[in-house]
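Participant: My questions will all concern the structure given below.
Rendered as structure tokens:
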């Protein structure tokens with residue numbers, strides 16, 4: 001038996017066959033500086049520091065190499081084709097601007113500076129492509145590398161092309177912040193660290209970057225970013241401050257402090273926390289909204305209640321629902337005051353200040369109307385009434401998305417020529433141009449539905465209210481037809497793939513405010529494809545709103561039919577629109593086969609549009625086979641299957657099984673199995689829309 005000959009580490013490095021020259025050189029450098037990893041934060045030979053033992057918080061040590069940042073930086077210096085260098089070449093920054101934000105400003109505690117691995121000397125920034133990420137750089141050291149952070153931020157603003165691998169995040173319904181403003185190479189919009197990390201967390205849910213494709217990495221990164229975002233927003237959350245006796249009117253004192261870690265440079269001292277309550281910003285409202293959207297799209301949907309409530313209450317306390325009221329403190333006067341969000345740079349002229357003020361106010365409008373849409377959407381999903389009433393919305397309707405992205409070139413006169421209050425007509429292909437009107441109408445439908453459960457008002461005749469909503473339906477349907485005519489979408493007939501514009505905020509969008517007279521629609525294929533998607537989805541949702549107005553919301557009550565509803569006139573109206581909705585779904589599947597246009601929003605409307613078809617299928621054994629009903633059911637089943645693949649939701653999985661099982665029972669020659677019927681009933685009983693039930697909120 002031969003003796004084992006000890007091999008030096010240097011020899012092992014030289015003999016490893018799978019290392020290239022760059023990696024071999026990096027390994028040699030590692031061996032020459034062992035103290036870098038043995039003794040924590042020690043100076044390396046090049047005079048820089050590398051953090052080894054500091055942690056951003058409990059439970060976040062996931063075995064990520066602390067050599068990651070130094071490796072990326074050194075490799076970028078040696079390789080001119082490194083992605084960081086390529087990004088820098090695409091976004092060159094002036095020398096005096098590259099280090100405009102020093103992370104040392106986050107704290108004055110020298111011990112924290114040392115523990116966080118920062119030197120007083122300026123170091124090359126790994127976040128050069130997007131300086132807006134510089135404030136959270138120390139917080140991400142052990143979570144993700146700089147390249148991945150930049151990729152996630154790019155994905156947040158993604159506008160997908162024809163490839164399904166580049167589809168945008170389903171949780172980004174529309175962009176409240178301008179991409180040009182936040183990603184500005186020298187003067188980025190000042191943004192709270194909580195919002196920045198939340199944006200990265202939202203992107204990490206579905207982004208197809210290489211890191212997140214590795215087994216277990218997506219869940220690790222998402223959980224780490226969730227903890228980080230929660231800790232950062234906790235210190236800004238108004239709910240964590242209480243009035244303490246003493247002094248004039250008492251003072252606000254923070255309680256139940258969420259201590260994330262000693263090395264967190266954003267953590268304030270106890271004295272600062274007690275004497276300095278943070279001023280609320282729209283960044284906080286948007287953070288709560290994004291948290292609510294992602295959580296409500298998961299399995300534990302009721303966990304979104306706190307975020308939903310926080311967003312609504314903070315928006316109302318900030319007066320976002322009264323932005324354009326004459327008495328509002330945010331009303332822009334002729335003097336154009338400086339906005340709450342300032343920008344670094346030398347451009348301090350009156351014109352620049354005026355545009356910044358207008359942009360800040362438009363952000364307020366957009367974040368409020370996004371919350372308005374989400375409030376109506378969640379009210380349907382959880383069988384409750386909206387928290388935001390229409391009569392308390394003294395706000396201009398948002399600008400079209402294409403105008404918003406090019407905000408700096410829009411004349412200020414054009415910005416004020418807008419109506420107040422919730423719109424009810426579809427006017428364009430932007431999110432606020434088609435989805436906001438539908439949600440405004442749905443709010444009326446929800447109020448009529450829940451008024452029927454009122455102990456005193458429920459006995460009153462609601463025909464006048466129904467007639468009013470029917471007029472809104474008719475006007476909205478005409479506006480959708482006008483949009484189809486404007487873009488000549490009927491000529492597409494599936495010839496142009498709508499997958500070129502897969503999200504509400506993708507592609508070139510042309511609104512009535514920006515149309516060029518005489519421009520032929522045939523010259524705008526992407527606009528026409530997007531218009532085809534918008535009109536198809538809007539038509540479907542409008543049919544579902546008819547179903548909600550005339551029909552029952554609860555599937556079990558509908559099947560039991562204890563009140564004889566299926567013999568009423570309203571049932572016939574409901575049934576006809578349910579069939580029309582299934583035909584609209586068929587059209588949607590032609591132009592958007594993967595249902596990637598609005599996957600987060602689409603599911604609940606597809607579910608409510610399917611209940612009537614389930615009733616038809618359930619009664620076919622008594623009434624005889626019906627080919628049109630079977631075809632409609634197959635279309636709905638296919639849509640649910642595609643939805644589950646695009647954005648998995650458990651309630652759609654379960655309903656698809658119920659509808660498929662019902663069709664199997666109808667088509668089989670044997671008698672209906674009582675056990676299968678009970679199982680279907682038990683599954684449907686999980687999601688109830690009766691009085692006091694909570695819909696999808698299990």
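Residue numbers (full-length UniProt numbering): 1 to 698. In this text, a Cβ means the ideal position worked out from N, Cα and C, and glycines have one as well.
1. Count the other CB atoms within 10 Å of the CB of residue 559; is the residue buried (16 or more) or exposed (fewer)?
2. Looking only at DSSP bridge pairs, what is residue 396 linked to?
3. Any idea what DSSP makes of residue 553, helix, strand or coil?
4. Identify every residue that forms a DSSP beta bridge with residue 308.
5. For the alpha helix (DSSP H) holding residue 318, just list the boundary residues, first then last.
6. Looking at C-alpha atoms only, which residue of 442, 592, 579 is the closest neighbour of residue 384?
7. Measuring straight from C-alpha to C-alpha, what distance separates residue 419 and residue 433?
8. Can you give the Cα-Cα distance for residue 222 and residue 568, rounded to whole angstroms?
9. Are residue 171 and residue 282 closer than 8 Å when you measure CB to CB?
10. Taking residue 477 as the reference, give the member of 542, 379, 306 with the closest Cα.
11. Give a yes or no on contact between the region 606-624 and the region 548-562, applying the rule of three or more CB pairs nearer than 8 Å.
12. Between 190, 226, 196, 652, which lies nearest to residue 137 when the distance is taken from Cα to Cα?
13. What is the C-beta distance between residue 194 and residue 229, in whole angstroms, given that I count them as a contact (C-beta under 8 Å)?
14. Alpha carbon to alpha carbon, how far is residue 408 from residue 693?
15. State buried or exposed for residue 691, treating a residue as buried only when at least 16 other CB atoms are found within 10 Å of its CB.
16. Contact defined as beta carbons within less than 8 Å: I believe residue 426 pairs with residue 437. What is the distance between those atoms, to the nearest angstrom?
17. Can you grab the Cα-Cα spacing for the pair residue 144 / residue 631, in whole Å?
18. So, does the region 210-219 touch the region 181-192, judging by three or more C-beta pairs under 8 Å?
19. From the DSSP output, in three-state form, read off residue 180 for me.
20. So residue 589 and residue 639 are supposed to be a Cβ contact under 8 Å. How far apart are they, rounded?
21. What number of angstroms, rounded off, separates the C-alpha of residue 636 from the C-alpha of residue 647?
22. Taking the CB atoms as reference points, tell me whether residue 643 and residue 603 lie closer together than 8 Å.
23. Pick helix, strand or coil for residue 621, following the three-state DSSP scheme.
24. Would you call the region 176-187 and the region 226-242 in contact, with 3 or more CB pairs under 8 Å?
25. If distances are taken between C-alpha atoms only, which option among 668, 536, 429 comes closest to residue 398?
26. Where do the ends of the alpha helix (DSSP H) carrying residue 475 lie?
27. Classify residue 684 as helix, strand or coil using the three-state DSSP reduction.
28. Quick one: what does DSSP say residue 145 is sitting in, helix, strand or coil?
29. In three-state terms, what does DSSP make of residue 214?
30. Going by the beta-carbon positions, is the gap between residue 290 and residue 198 smaller than 8 Å?
31. If you check the beta carbons only, do residue 393 and residue 422 fall under 8 Å apart?
32. Please state if the CB of residue 176 and the CB of residue 370 are separated by a distance shorter than 8 Å.
33. Measure the Cβ-Cβ separation of residue 367 and residue 285 and say whether it is below 8 Å.
34. Is it true that the CB of residue 207 sits closer than 8 Å to the CB of residue 152?
Facilitator: Well, looking at it:
1. Within the chain shown, numbered from 1, the residue matching residue 559 stands at position 559. Buried: at least 16 other Cβ atoms inside 10 Å.
2. Within the chain shown, the letter at position 396 stands for residue 396. 420.
3. As a position in the chain shown, residue 553 is number 553, starting the count at 1. Under the three-state reduction of DSSP, residue 553 is assigned to coil, being neither helix nor strand.
4. Residue mapping note: residue 308 aligns to position 308 of the chain shown, counting from 1. In the DSSP output, where bridge partners are listed per residue, residue 308 has none listed.
5. Within the chain shown, the letter at position 318 stands for residue 318. No alpha helix (DSSP H) contains residue 318, which DSSP labels as neither H nor E.
6. By 1-based counting over the chain shown, the position of residue 384 is 384. Considering only alpha carbons, the answer is 442.
7. By one-based count along the chain shown, residue 419 stands at place 419. By one-based count along the chain shown, residue 433 stands at place 433. Roughly 13 Å separates the two Cα atoms.
8. Working through the chain shown from its first residue, we reach residue 222 at position 222. Working through the chain shown from its first residue, we reach residue 568 at position 568. So the two alpha carbons sit approximately 50 Å from each other.
9. To locate residue 171, count along the chain shown from 1; it is residue 171. To locate residue 282, count along the chain shown from 1; it is residue 282. Judged by beta-carbon spacing, residue 282 lies beyond the 8 Å limit of residue 171, meaning their Cβ atoms are not closer than that value.
10. Counting from 1 along the chain shown, the entry for residue 477 is found at position 477. 542 is the residue among 542, 379, 306 whose C-alpha sits nearest the C-alpha of residue 477.
11. yes
12. Taking the first residue of the chain shown as position 1, residue 137 is located at position 137. Checked all of 190, 226, 196, 652; the closest Cα to residue 137 is 196.
13. Position 194 of the chain shown holds residue 194. Position 229 of the chain shown holds residue 229. Correct: roughly 6 Å between the Cβ atoms.
14. On the chain shown, position 408 is the one that residue 408 refers to. On the chain shown, position 693 is the one that residue 693 refers to. Going by the C-alpha atoms only, they are around 48 Å apart.
15. Indexing the chain shown from 1 puts residue 691 at position 691. Looking at its Cβ environment, which holds fewer than 16 other Cβ atoms inside 10 Å, residue 691 is exposed.
16. Taking the first residue of the chain shown as position 1, residue 426 is located at position 426. Taking the first residue of the chain shown as position 1, residue 437 is located at position 437. Indeed, because the Cβ distance is near 5 Å, the residues count as touching under 8 Å.
17. In the chain shown, residue 144 corresponds to position 144, counting from 1. In the chain shown, residue 631 corresponds to position 631, counting from 1. Straight-line Cα distance between these residues: approximately 48 Å.
18. Verdict: no, contact absent.
19. Translated into the one-based positions of the chain shown, residue 180 becomes position 180. DSSP places residue 180 in helix when its eight states are reduced to three.
20. Stepping through the chain shown from its first residue, residue 589 is reached at position 589. Stepping through the chain shown from its first residue, residue 639 is reached at position 639. Correct: roughly 6 Å between the Cβ atoms.
21. As a working note, residue 636 is residue 636 in the chain shown. As a working note, residue 647 is residue 647 in the chain shown. Approximately 16 Å, taken between the alpha carbons.
22. Residue numbering aside, residue 643 sits at position 643 when the chain shown is read from its first letter. Residue numbering aside, residue 603 sits at position 603 when the chain shown is read from its first letter. Taking 8 Å as the Cβ cut-off, residue 643 and residue 603 qualify as a contacting pair.
23. By one-based count along the chain shown, residue 621 stands at place 621. In the structure shown, residue 621 sits in a helix (DSSP, three-state: H, G or I).
24. no
25. Start at 1 with the first residue of the chain shown, and residue 398 comes out as number 398. It is 429.
26. On the chain shown, position 475 is the one that residue 475 refers to. That run of the alpha helix (DSSP H) goes 463-487.
27. For the purposes of this step, residue 684 is taken as the residue at position 684 of the chain shown. Three-state DSSP puts residue 684 in a helix.
28. Here the question's residue 145 lines up with position 145 in the chain shown. Note: residue 145 maps to coil in three-state DSSP.
29. Within the chain shown, numbered from 1, the residue matching residue 214 stands at position 214. Looking at residue 214 - three-state DSSP - the assignment turns out to be coil, as it is neither helix nor strand.
30. For this step, residue 290 is matched to residue 290 along the chain shown. For this step, residue 198 is matched to residue 198 along the chain shown. Yes.
31. One-based indexing of the chain shown puts residue 393 at position 393. One-based indexing of the chain shown puts residue 422 at position 422. Contact flag set, yes.
32. Locating residue 370 in the chain shown gives position 370, counting from the first residue. Locating residue 176 in the chain shown gives position 176, counting from the first residue. Against a cut-off of 8 Å, the Cβ pair of residue 176 and residue 370 comes out as a contact.
33. What you label residue 367 is simply residue 367 of the chain shown in a count that begins at 1. What you label residue 285 is simply residue 285 of the chain shown in a count that begins at 1. Yes, the Cβ-Cβ distance between residue 367 and residue 285 is below 8 Å.
34. As a first step, residue 152 must be located in the chain shown, where it is residue number 152. As a first step, residue 207 must be located in the chain shown, where it is residue number 207. Taking 8 Å as the Cβ cut-off, residue 152 and residue 207 qualify as a contacting pair.
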